[in-house]
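What follows is one structure encoded as structure tokens, with my remarks underneath.
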Amino acid sequence: MDSVVDEAAVAARQALLIRCRATLSALPAASAFSHLTAARLLGLPMSYAMEEDGRLHVMRPITNNRVRLPGVVGHRALHTRRVIDIDGLPVVDIADTWVDLGELVGRGKPVGLDDLVVLGDACATQLGSRVPLLRACLARTRPRGKRTLVEAYDEIRVGSASARESLARLVLTRGGLPEPKLNEPIYASWDPTVLLGVGDLVWRLRLPDGEEVKVVGEYQGELYHSGDEQRVADAYRRAGLEADGWDVQEMWNCDLNGSSSRRATLHRFADALHLPHDALRPADVDARFFSSHAIDEAIQREMRRSALT
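Below, the structure is given as structure tokens:
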């Protein structure tokens, strides 16, 4: 199954490269692929809404006219962006692309707050720091979606290996759990040279009575972890961690979909960490598309409408 998925991803990328190269030959000089097209070329995670936009996004300097070609979305202001080469194509770089995606935030648009956190995790992990994202944002004069970008930036972390790992972290930390370490190597307590595994989300807590609690949260993607061979490998790895005192808590796709599932997952992890439920924030675990500012504005608009009726 995984090889089929990998082959499909490789084929989709090759098709995108062929299409971009053909389009590049028809573009004026000083053009670069940007926005969702840049995100695809950079290998960033795409939501379903983002994937639905199959057009090519192209940017030119602000002194030039927009590109007008069938199936192409033209943007301007390339002069403020850094352009890199990807497989022979000029592409807006990763930090500037993250900021550009703020233009696609809002009602009826494909990018939301959680998307920017997930994308930001991927960008920061590639860059080894989230600081370049902030610098790219601050370098702009009134970038579109700035408030959502800044709010997303606060929740971006270095170390996430997948979009679902990022979403799992958001559910648990927004719900009141302490920040975990991401993709942390775990060595045996009896021999620090023996690697037991690398945990997606790793907590080591010291309880008031002095007891140490060690919890690993593992996101198990159905496509990768449902095969017989991988299930055997997972079971062997889990047994090694549990034998050394680790509590391994798995998360599947169903554990992150829907309010009740997210709340149940939060409570399960709180129990594993020996944290009281009354310290949790289960109302905060739902997916967030709009920023707090956008929600506040919507509430104020509704209050004004109610006052007039």
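Note that the numbering used here numbers the sequence shown so that position 250 is 250, with each residue one more than the last. Using N, Cα and C, we set each Cβ at its ideal position, and we do this for glycine too.
(message) According to DSSP, simplified to helix, strand and coil, what is A8?
(response) Here residue 8 is taken as the residue at index 8 of the sequence shown, counted from 1. Helix.
(message) Runs of 3 residues minimum, wholly inside the region 42-108: which ones carry the beta strand (DSSP E) assignment?
(response) 56-60, 72-76, 83-86 and 89-92
(request) Kindly list the residues whose CB is nearer than 7 Å to the CB of L27, restricted to its own chain and excluding five residues on each side of it in sequence; keep chain order. (result) Here residue 27 refers to the residue found at position 27 of the sequence shown. These residues qualify, in order along the chain: V58 and V67.
(request) Would you identify the three-state DSSP class for E165, choosing helix, strand or coil? (result) Against the sequence shown, residue 165 aligns to sequence position 165. Here E165 sits in helix by DSSP.
(request) Please name the residue, chosen from A287, V198 and R19, that lies closest to A168 on a Cα-to-Cα basis. (result) Indexing the sequence shown from 1 puts residue 168 at position 168. Of A287, V198 and R19, the residue nearest in Cα terms is A287.
(request) Using DSSP bridges, identify the partner residues of V198. (result) For the purposes of this step, residue 198 is taken as the residue at position 198 of the sequence shown. Paired residues: P185.
(message) Please return the same chain residues whose Cβ sits closer than 7 Å to the Cβ of L241, not counting the five positions on each side in sequence.
(response) Here the question's residue 241 lines up with position 241 in the sequence shown. Around L241: I186, L196, G197, V216 and V248.
(message) Since E179 and G199 should fall inside the 8 Å C-beta cutoff, what is the C-beta to C-beta distance between them, to a whole number of angstroms?
(response) In the sequence shown, residue 179 corresponds to position 179, counting from 1. In the sequence shown, residue 199 corresponds to position 199, counting from 1. With a Cβ gap of about 14 Å, E179 and G199 do not count as contacting.
(request) Kindly confirm or deny that the region 141-153 and the region 200-208 touch, where touching means at least three C-beta pairs closer than 8 Å. (result) no
(message) Let me confirm a value: V40 is counted as buried when at least 16 other C-beta atoms fall within 10 Å, else exposed. Which label applies?
(response) On the sequence shown, position 40 is the one that residue 40 refers to. It should be noted that the sequence gives Arg, not Val, for residue 40. Buried, by the Cβ-count rule.
(request) Please name the residue or residues paired with Y153 in a DSSP beta bridge. (result) The residue given as residue 153 occupies position 153 in the sequence shown. For Y153, which the question treats as bridged, DSSP gives no partner whatsoever.
(message) Give me the residue from I18, R262 and T63 with the minimum Cα distance to D31.
(response) Taking the first residue of the sequence shown as 1, we reach residue 31 at position 31. Just to set this straight, residue 31 is Ser in the shown sequence, not Asp. Taking only the C-alpha atoms, the option nearest S31 is T63.
(message) What does the Cβ neighbour count give for P192, buried or exposed, with the cut at 16 atoms within 10 Å?
(response) Residue numbering aside, residue 192 sits at position 192 when the sequence shown is read from its first letter. With fewer than 16 Cβ atoms within 10 Å of its Cβ, P192 is classed as exposed.
(request) In angstroms with no decimal places, state the Cα-to-Cα distance between S260 and G88. (result) Position 260 of the sequence shown, counted from the first residue, corresponds to residue 260. Position 88 of the sequence shown, counted from the first residue, corresponds to residue 88. Roughly 47 Å between the two C-alpha positions.
(request) Examine the Cβ distances between the region 46-55 and the region 126-139 and report whether three or more of them are shorter than 8 Å. (result) no
(message) Mapping the DSSP letters down to three states, classify T313 as helix, strand or coil.
(response) Residue 313 lies beyond the range of the chain shown here (1 to 309); nothing can be said about it.
(request) Label W98 either buried or exposed according to how many other C-beta atoms from any shown protein chain fall within 10 Å of its C-beta, with 16 as the threshold for buried. (result) Walking along the sequence shown from the start, residue 98 turns up at place 98. Flag for W98 reads buried.
(request) Quick one: give me the first and last residue of the beta strand (DSSP E) that G120 is part of. (result) As a working note, residue 120 is residue 120 in the sequence shown. No beta strand (DSSP E) holds G120; the alpha helix (DSSP H) holding it covers L113 to L127.
(request) Return the first residue and the last residue of the beta strand (DSSP E) that D271 is part of. (result) Looking up residue 271 in the sequence shown gives position 271. It is not in any beta strand (DSSP E) - D271 instead sits in the alpha helix (DSSP H) that spans S259 to A272.
(request) With DSSP as the reference, label R204 as helix, strand or coil. (result) In the sequence shown, residue 204 corresponds to position 204, counting from 1. Correct three-state label for R204: strand.
(request) Kindly indicate the opening and closing residues of the beta strand (DSSP E) around D247. (result) Translated into the one-based positions of the sequence shown, residue 247 becomes position 247. That run of the beta strand (DSSP E) goes D247 to M251.
(request) May I have the straight-line CA-CA distance separating A38 from P208, to the nearest angstrom? (result) Locating residue 38 in the sequence shown gives position 38, counting from the first residue. Locating residue 208 in the sequence shown gives position 208, counting from the first residue. Rounded to whole angstroms, A38 to P208 spans 49 Å at the Cα level.
(message) If the criterion is Cβ atoms closer than 7 Å, does the pair P90 and H79 meet it?
(response) Locating residue 90 in the sequence shown gives position 90, where the first residue counts as 1. Locating residue 79 in the sequence shown gives position 79, where the first residue counts as 1. Taking 7 Å as the Cβ cut-off, P90 and H79 do not qualify as a contacting pair.
(request) Return the residue from the list L172, D93 and S189 that minimises the CA-CA distance to K181. (result) Taking the sequence shown and counting its residues from 1, one reaches residue 181 at position 181. Comparing Cα-Cα distances from K181 to each of L172, D93 and S189, the minimum goes to L172.
(request) Could you have a look at A29 and say whether DSSP puts it in helix, strand or coil? (result) Taking the sequence shown and counting its residues from 1, one reaches residue 29 at position 29. It is coil, neither helix nor strand.
(request) Please list, in chain order, all residues of the same chain as R237 whose beta carbon is under 7 Å from its beta carbon, the five residues on each side excluded. (result) As a working mapping, residue 237 is identified with position 237 in the sequence shown. G197, listed in sequence order.
(message) My output table needs one value for P192: the three-state DSSP class, helix, strand or coil.
(response) Translated into the one-based positions of the sequence shown, residue 192 becomes position 192. The answer is strand: DSSP assigns P192 an E or B state.
(request) Please report how far the alpha carbon of A49 lies from the alpha carbon of D114, in whole angstroms. (result) Numbered from its first residue, the sequence shown carries residue 49 at position 49. Numbered from its first residue, the sequence shown carries residue 114 at position 114. Taking the straight line from one Cα to the other gives about 13 Å.
(request) Tell me E212's beta-bridge partners as DSSP assigns them. (result) Here residue 212 refers to the residue found at position 212 when the sequence shown is read from its first residue. Answer is R206, bridged to E212.
(request) Could you round the C-beta distance between H75 and S47 to whole angstroms and report it? I think they count as a contact, below 8 Å. (result) Along the sequence shown, read from residue 1 onward, the residue named residue 75 stands at position 75. Along the sequence shown, read from residue 1 onward, the residue named residue 47 stands at position 47. Contact flag wrong, Cβ pair sits at about 20 Å.
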